Amino acid sequence: MRTDSSPGSLPAREHLPAAAAGTPVLDVVIPVYNEEKDLEPCVVRLHEHLSRTFPYAFRITVADNASTDGTPRVAARLAAGLAAVRSVRLEQKGRGRALGAVWSASDAPVLAYMDVDLSTDLNALLPLVAPLISGHSDLAIGSRLARSSRVVRGAKREFISRGYNLILRGSLQARFSDAQCGFKAIRRDVARVLLPLVEDTGWFFDTEMLVLAERAGCRIHEVPVDWVDDPDSTVHLVRTATDDLKGVWRVGRALATGSLPLDRLVRPFGDDPRDRDLTGVPQGLARQLVGFCVVGALSTLFYLLLYSGFRHFAGSQLANALALLVSAVANTAANRRLTFGVRGRGGAVRHQAQGLVVFGIGLVLTSGSLAALSAATADPDHSTELAVLIAANLAATVLRFLLFRAWVFPDTAPTAPVAPTAPVAPTAPAAPAAVTAPVSVRPADTDPRDAR
Numbered sequence: 006m007r008t009d010s011s012p013g014s015l016p017a018r019e020h021l022p023a024a025a026a027g028t029p030v031l032d033v034v035i036p037v038y039n040e041e042k043d044l045e046p047c048v049v050r051l052h053e054h055l056s057r058t059f060p061y062a063f064r065i066t067v068a069d070n071a072s073t074d075g076t077p078r079v080a081a082r083l084a085a086g087l088a089a090v091r092s093v094r095l096e097q098k099g100r101g102r103a104l105g106a107v108w109s110a111s112d113a114p115v116l117a118y119m120d121v122d123l124s125t126d127l128n129a130l131l132p133l134v135a136p137l138i139s140g141h142s143d144l145a146i147g148s149r150l151a152r153s154s155r156v157v158r159g160a161k162r163e164f165i166s167r168g169y170n171l172i173l174r175g176s177l178q179a180r181f182s183d184a185q186c187g188f189k190a191i192r193r194d195v196a197r198v199l200l201p202l203v204e205d206t207g208w209f210f211d212t213e214m215l216v217l218a219e220r221a222g223c224r225i226h227e228v229p230v231d232w233v234d235d236p237d238s239t240v241h242l243v244r245t246a247t248d249d250l251k252g253v254w255r256v257g258r259a260l261a262t263g264s265l266p267l268d269r270l271v272r273p274f275g276d277d278p279r280d281r282d283l284t285g286v287p288q289g290l291a292r293q294l295v296g297f298c299v300v301g302a303l304s305t306l307f308y309l310l311l312y313s314g315f316r317h318f319a320g321s322q323l324a325n326a327l328a329l330l331v332s333a334v335a336n337t338a339a340n341r342r343l344t345f346g347v348r349g350r351g352g353a354v355r356h357q358a359q360g361l362v363v364f365g366i367g368l369v370l371t372s373g374s375l376a377a378l379s380a381a382t383a384d385p386d387h388s389t390e391l392a393v394l395i396a397a398n399l400a401a402t403v404l405r406f407l408l409f410r411a412w413v414f415p416d417t418a419p420t421a422p423v424a425p426t427a428p429v430a431p432t433a434p435a436a437p438a439a440v441t442a443p444v445s446v447r448p449a450d451t452d453p454r455d456a457r
């Protein structure tokens with residue numbers, strides 16, 4: 006992951022001001038590689054749709070990333086013949102590289118992209134960008150996995166898509182539902198902060214951007230879409246899936262080790278209600294309590310397994326001490342990362358030392374319980390010992406949570422508010438003109454499941 010840049014603070018979300026005549030509010034990027042056959046009908050259809058339905062000025066940018074066929078000539082002809090269409094040529098391949106380059110240079114306040122096959126129904130475009138224009142959200146994605154989406158595609162692509170999103174949820178704790186749909190938008194001020202952190206230049210680009218945005222506290226709006234699979238798609242599924250899995254591993258490792266400087270992406274005070282310093286309202290208490298209970302339950306099972314194993318060759322007191330020591334180290338590490346969200350190696354030794362003090366308190370409670378049991382019964386059976394230890398560990402668990410929250414991992418002080426930057430008035434070419442070329446547009450009420 007890139008850690009050598011300081012992107013600065015995320016901007017406050019504000020409604021975009023009314024643009025001057027001819028100033029584009031939306032820049033739709035179409036990344037292409039060797040798409041001379043599909044490019045022209047795609048751009049003509051998109052241009053006609055935006056001219057007819059979009060209430061703001063727009064721009065369509067064809068981002069050609071090192072095509073070797075006639076794609077550059079087609080793109081140049083479209084830019085010359087249609088208002089508000091331009092063509093950008095990159096000499097290196099990579100969809101992510103093309104998007105990053107065009108988005109970084111664009112002056113439109115809302116940036117979007119869609120695949121050249123136009124598998125997504127264009128009626129979802131305005132709902133996609135409206136929350137960004139209004140200031141409600143920072144990014145927006147089309148989702149083929151929403152309940153109200155209507156999708157036509159083969160079983161293999163369906164399986165790969167759902168499996169990939171399950172991997173993202175399980176490994177990177179992603180909460181968005183569809184990372185691979187080629188239909189996304191982002192506010193330019195947010196892109197300016199996030200893009201320097203995105204390393205991938207291929208198909209994993211937008212997934213990485215979404216993960217980083219979510220971890221930085223951005224709001225991601227999801228739009229159900231109607232989507233029809235393109236049987237002539239040039240995407241190599243196996244190679245793309247392999248590259249995506251490599252990207253998941255790289256981003257997950259960077260997040261786990263704390264090498265990604267997400268702490269620099271400071272949200273303005275009040276932009277997220279969870280950042281507000283409210284008297285008498287503990288921040289994150291419910292989430293921390295749930296995480297602590299899950300870690301505690303797993304730690305208790307781990308402890309009992311260790312105790313049962315050590316008991317074969319050691320007395321009850323020694324077995325209890327050894328089991329508690331090993332499980333306490335694992336418990337502190339798990340709570341540090343999962344419950345209290347502390348990443349990186351900074352302070353890890355101190356946290357483990359404090360965790361051992363908490364372990365000592367638990368040892369006193371459980372050892373005292375065993376001593377009391379031995380005093381009451383000369384030769385208690387193993388099941389009775391386990392029952393006493395479970396009760397003692399429950400009491401120790403409550404005390405451990407309180408000590409972890411108040412002493413080992415106390416809440417950090419709220420970040421000083423950052424004044425939002427004033428929006429920059431973009432400049433752009435003239436407003437789009439109507440298209441006279443005949444265009445075949447599917448009626449809005451057509452169900453893509455009827456397509457053949």
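Following the numbering used here, the numbering of the sequence shown begins with 6 at its first residue and continues without gaps.
Don't be surprised by glycine CBs; every beta carbon is placed ideally from N, CA and C.
What you are looking at is a predicted structure, and each value in this text was computed from that prediction instead of being measured.
So what does DSSP say about residue i, is it helix, strand or coil?
| i | result |
| --- | --- |
| K42 | coil |
| K98 | coil |
| A17 | coil |
| E204 | coil |
| T125 | strand |
| S92 | strand |
| T245 | helix |
| S72 | coil |
| G257 | helix |
| L144 | strand |
| A433 | In this prediction, A433 scores a pLDDT of 42, lower than 50, which makes its location untrustworthy; the coordinate-derived value is nonetheless stated afterwards. Correct three-state label for A433: coil. |
| H226 | strand |
| V347 | coil |
| T402 | helix |
| G105 | helix |
| Y61 | coil |
| F409 | helix |
| D211 | helix |
| S182 | coil |
| G352 | coil |
| L361 | helix |
| R149 | coil |
| F274 | With a pLDDT of only 46 at F274, under 50, the local geometry of the prediction cannot be trusted, and the value read off the model is given with reservation. In this structure, F274 counts as coil in the three-state DSSP scheme. |
| P77 | helix |
| L83 | helix |
| A221 | coil |
| A438 | Its pLDDT being 39, under 50, A438 is placed unreliably by the model, and the measurement read from it follows with that caveat. Here A438 sits in coil by DSSP. |
For residue i versus residue j, is the C-beta distance shorter than 7 Å?
| i | j | result |
| --- | --- | --- |
| E40 | V121 | yes |
| A71 | V34 | no |
| G99 | T28 | no |
| R149 | D183 | yes |
| V413 | Q359 | yes |
| E213 | V198 | no |
| L116 | R57 | no |
| L260 | A190 | no |
| T245 | W208 | yes |
| M119 | F181 | no |
| A328 | F318 | no |
| L104 | P16 | no |
| V300 | A338 | no |
| D502 | S111 | Absent from the structure is residue 502, since the part of the chain shown begins at 6 and ends at 457. |
| C47 | L130 | no |
What does residue i pair with, by DSSP beta-bridge criteria?
| i | result |
| --- | --- |
| W232 | T125 and V156 |
| A117 | V33 and A190 |
| A383 | Answer is none; A383 lacks a bridge partner. |
| T66 | V34 and R91 |
So residue i and residue j are supposed to be a Cβ contact under 8 Å. How far apart are they, rounded?
| i | j | result |
| --- | --- | --- |
| R350 | G252 | Not quite, the Cβ-Cβ distance comes to about 23 Å (not below 8 Å), so this is no contact. |
| L404 | V393 | Not quite, the Cβ-Cβ distance comes to about 17 Å (not below 8 Å), so this is no contact. |
| V156 | W254 | V156 to W254, Cβ: 28 Å. No contact. |
| A218 | W108 | Incorrect: roughly 13 Å between the Cβ atoms, too far for contact. |
| V90 | A84 | 5 Å |
| T375 | S321 | The displayed chain sequence assigns Leu, not Thr, to residue 375. That pair is a contact at about 6 Å. |
| A335 | S304 | 7 Å |
| V295 | L311 | Not a contact, Cβ separation roughly 25 Å. |
| D249 | Y308 | About 38 Å separates the two Cβ atoms, so there is no contact after all. |
| F364 | F297 | Contact doesn't hold; Cβ gap of about 15 Å is too wide. |
| A401 | I366 | 7 Å |
| L177 | V256 | 6 Å |
| L21 | P114 | 5 Å |
| I225 | I172 | Between I172 and I225 the Cβ distance is about 18 Å, and since that is not below 8 Å, they are no contact. |
Spell out whether any CB of chain B is found under 7 Å from the CB atom of residue i.
| i | result |
| --- | --- |
| L375 | Given the protein chain composition of this structure (a single chain), no chain B is represented. |
How far does the alpha helix (DSSP H) with residue i in it extend, from its first residue to its last?
| i | result |
| --- | --- |
| T337 | S321 to A339 |
| T28 | That residue, T28, is in no alpha helix (DSSP H); it is neither H nor E in DSSP. |
| S304 | L290 to F315 |
| P136 | L130 to S139 |
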